[in-house]
Each structure stands twice: as C-alpha cells, then as structure tokens.
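Chemist:
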Amino acid sequence: MTHPVEAIGLTFKIPLPDGRSLPRLAFCYAIAAASPALIDAGVAGAWKRIRRATVTEGRFDRLVLTHAHPDHIGAAQTVVRQTGAQVCAHADAIGWIEDTQAQKRARPVPGFDALVEGPVAVDVPLADGDVIDLGGATLRVLATPGHAEGHIALHCPEAEALFSGDAIPEPRAMPIYTDLAATLRSLRALRAVGGVRTLYSSWEPPIAGGEAIAARFDAAVEWLEFIHAAVRRAASKAGASDGMALTQATMGELGLPPFAANPLTAATVRAHVPYLDRAAIAVEDIG
Ligand SMILES: [Zn+2]
C-alpha cells in the first residue's frame with residue numbers, strides 16, 4: 552500500500568539589498584502513519600498552513616529537519632509548541648538549529664530574523680543509515696552533504712518516496728552549495744536508491760516516475776558542469792584571488808541577475824576553486 556504524502560508549498564520573500572524582494576517557494580511534507588511526521592518546517596509563520604495538512608489532520612509526532620537553513624527550520628518553534636513533536640536532525644546540523652544566531656553570523660541570509668522564529672532543541676541526533684519507524688512506514692536517513700553540512704535525505708520505501716531536501720541543484724536557479732565533491736557524491740547516492748516512484752524535493756513540486764526522476768538527476772549534473780565551466784571562464788577573466796569579483800563574473804556567465812552574486816553564491820563559487828585546473832568534474836575525478 553502507498554502511504555499518503557502531502558506536499559505543502561510555502562511561498563515567502565527574501566528582501567534584497569536594493570529594497571526589492573525575491574519570491575521563493577519551499578516545500579515541506581506531511582507523512583501519514585500511525586506516528587505522523589513532518590519533513591521540514593518552512594519559514595516563520597508556516598504553521599498556519601502546515602496545520603491544515605489533511606493527511607495527518609495537523610498531528611505530527613516527529614519533525615524531521617533535512618538541514619538547518621532558514622526555510623527549513625523557520626517555523627520549527629511553533630510546530631514543536633503546537634504538536635509536541637520530537638525534533639530529529641543530523642548530528643552535524645544540530646549546532647545551527649539550536650543556535651540560530653550563530654547560524655546568522657556565519658551565514659547571513661538577508662532577512663534571517665524574519666524567516667526564523669528561533670532555535671529548537673534537537674531530541675534525536677541522526678546518522679547515515681538510521682531508520683525512523685513511523686508505525687507502518689519508515690524513513691531511512693541518507694547523509695547527503697554538499698548543499699549544507701549535516702544535510703540529510705529520507706527514503707520511505709513504503710511510499711516509494713525519496714525526500715531530497717535541497718540536495719539536488721535546480722538548473723538555472725541561484726546555485727547554493729559549499730562542497731562540490733560532496734554535492735556530486737550525494738547526487739550519486741540519491742540516484743542509487745532503488746524503488747523510488749516520487750521525488751519530493753524542497754525546491755519544486757513532486758516529480759513522479761522513473762524517467763522523469765532520472766532526467767532530473769541528469770539535469771542537476773549538467774547544471775553543475777555548466778557552473779564549473781562558467782567559474783573557469785570567469786576565473787580566466789577576473790582571476791580567482793578576489794572571491795566577490797569571481798562570483799560576480801560567474802553569475803554573469805550563468806546569465807543570473809546581479810543580486811545573485813552574494814555571500815551564499817560566493818561560497819558556491821569558492822567550492823569550485825580547488826578544481827579550476829580540471830575541465831571535468833565527474834565524481835570519479837574529484838569525489
Ligand atoms: Zn538549504
């Protein structure tokens with residue numbers, strides 16, 4: 552039997568330095584089971600929408616966080632207060648979940664305090680291979696760093712579902728990862744998971760069917776290769792010593808708007824610098 556999964560799409564805005572704001576969309580997921588679970592908690596205020604999840608009638612025994620970024624932990628405080636859910640996250644993500652101001656200092660996402668209600672305590676530290684038993688359904692933890700330290704994906708075999716968080720880069724969107732080799736290794740690990748009928752990413756609506764899912768993985772790897780070529784072209788023009796100049800040149804090469812050059816994408820570009828002498832970035836070469 553297929554267990555019901557409800558995709559909860561949450562829209563929000565990230566303020567830009569020039570006074571405009573960037574509309575964003577993030578999905579979190581409700582999983583119906585004897586012990587229902589919520590995967591990720593959206594941004595501050597998202598509980599108003601999450602509580603209307605019909606498959607669990609707003610009841611959650613567990614909140615499983617794929618990673619510590621603001622659009623995944625934003626409403627965690629209210630979720631925990633309203634449901635009493637146990638918070639589960641990878642051990643390497645706990646620092647930024649339990650100390651959100653430390654996260655803000657290290658990774659100053661614009662409008663951080665408007666996106667995140669505050670810290671929550673992690674009750675269950677997770678590691679690769681752990682299995683969370685929801686009663687009639689299970690979630691197997693896949694450590695998938697690269698986009699963020701302590702990032703996890705979750706495989707639910709009973710629902711033939713893979714919840715990939717932010718691990719699969721979205722073509723033509725602002726690229727955000729801090730470790731290129733880890734990003735490629737994580738993509739390979741996710742692709743190797745068998746029996747997946749539906750891919751539930753945080754960045755886009757669910758993708759159904761083996762062919763569509765395989766095409767999505769192909770597109771992600773092609774996008775990473777395209778970014779790598781763009782960083783190499785940018786470095787040949789702007790040099791690699793000034794990180795922000797290299798980031799601005801790279802975003803130009805990618806055809807992204809000027810505001811795409813920011814501290815988050817500077818970290819992405821920096822992740823390519825160790826491999827500038829390589830034309831290819833297949834995981835066999837750099838993983
Ligand atoms: Zn993220």
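Under our numbering, the sequence shown has 807 at position 256, and the numbering climbs by one with no breaks.
Backbone N, C-alpha and C define an ideal beta-carbon position, used for all residues, glycine too.
Does the beta carbon of D643 fall short of 6 Å from some heavy atom of ligand 1?
Modeler: Result no, Cβ not under 6 Å from ligand 1.
Chemist: With DSSP run on the structure shown, which of helix, strand or coil describes I624?
Modeler: helix
Chemist: Give the list of continuous alpha helix (DSSP H) stretches no shorter than 4 residues that lie fully inside the region 559–583.
Modeler: none
Chemist: Between G701, E700, C707, E608, which has its C-alpha nearest G687's C-alpha?
Modeler: Looking at G701, E700, C707, E608, the one whose alpha-carbon comes closest to that of G687 is C707.
Chemist: For the region 747–783, list the beta strand (DSSP E) runs that are entirely contained and at least 3 residues long, ordered along the chain.
Modeler: 749–752
Chemist: Looking only at its chain, what residues have a beta carbon closer than 8 Å to the beta carbon of I565, apart from the 5 residues adjacent to it on each side?
Modeler: S572, L573, R575, V660, P661, G662, L666
Chemist: Apart from the five residues on each side of it in sequence, which residues of its chain come closer than 6 Å, Cβ to Cβ, to D622?
Modeler: A577, V594
Chemist: Distance check for P722 and V675, CA to CA, integer angstroms please.
Modeler: Cα to Cα, V675 sits roughly 33 Å from P722.
Chemist: Less than 6 Å between C-beta atoms, sequence neighbours within five positions excluded: which residues of the same chain meet that for S586?
Modeler: The residues are D612, L685, G686.
Chemist: Excluding the 5 residues flanking A603 on each side, which residues of the same chain have their C-beta closer than 8 Å to its C-beta?
Modeler: According to the sequence as given, residue 603 is Arg; it is not Ala. Once the five neighbours on either side are set aside, the close Cβ partners of R603 are G609.
Chemist: Whole angstroms are fine: how far does the CA of G716 sit from the CA of A653?
Modeler: Computed Cα separation, rounded: 22 Å.
Chemist: Using CA coordinates, which residue listed in G803, A640, R821 is at the minimum distance from A672?
Modeler: If we check each option's Cα against that of A672, A640 comes out closest.
Chemist: Return helix, strand or coil for H823, following the three-state DSSP convention.
Modeler: helix
Chemist: Near S737, which residues of its chain fall below 6 Å by C-beta distance, leaving aside the five closest residues on each side in sequence?
Modeler: T695, G697, A718
Chemist: What span of residues does the alpha helix (DSSP H) with T651 cover, start to end?
Modeler: 651–657
Chemist: Looking only at C-alpha atoms, which of L827, L693, L616, P756 sits nearest to V630?
Modeler: L616
Chemist: Can you give me the start and stop residues for the alpha helix (DSSP H) that L738 sits inside?
Modeler: 731–742
Chemist: Determine the direct distance from the alpha carbon of P808 to that of A780, and round the result to whole angstroms.
Modeler: 18 Å
Chemist: Determine the contact status of P726 and A771, defining contact as a CB-CB distance below 7 Å.
Modeler: no
Chemist: Verify the contact flag: D591, CB atom, against every heavy atom of ligand 1, threshold strictly below 6 Å.
Modeler: no
Chemist: Hey, I518 and I624 are a contact pair by Cβ (cut 8 Å); roughly how many whole angstroms apart?
Modeler: Because the chain in this structure spans residues 552 to 838, residue 518 falls outside the shown range and cannot be described.
Chemist: Ligand 2 heavy atoms versus the CB of D730: any closer than 6 Å?
Modeler: Among the ligands modelled here, namely ligand 1, ligand 2 does not occur.
Chemist: Going by the DSSP bridge assignment, what does L589 pair with across the sheet?
Modeler: A581, L614
Chemist: In this structure, does DSSP put E804 in helix, strand or coil?
Modeler: helix
Chemist: Give the single residue among R783, I582, L705 whose Cα lies nearest to the Cα of L693.
Modeler: L705
Chemist: Measure from the alpha carbon of T819 to the alpha carbon of each residue in I778, D569, A558, then state which is nearest.
Modeler: I778
Chemist: Leaving out the 5 sequence neighbours to the left and right, which residues in its chain are closer than 6 Å to R691 when beta-carbon positions are compared?
Modeler: The answer, listed in chain order, is V682, H706.
Chemist: At the level of alpha carbons, what is the spacing between A678 and K788?
Modeler: 42 Å
Chemist: Would you say the beta carbon of H779 is closer than 6 Å to some non-hydrogen atom of ligand 1?
Modeler: Result no, Cβ not under 6 Å from ligand 1.
Chemist: Are A592 and P555 close, meaning C-beta to C-beta below 7 Å?
Modeler: no
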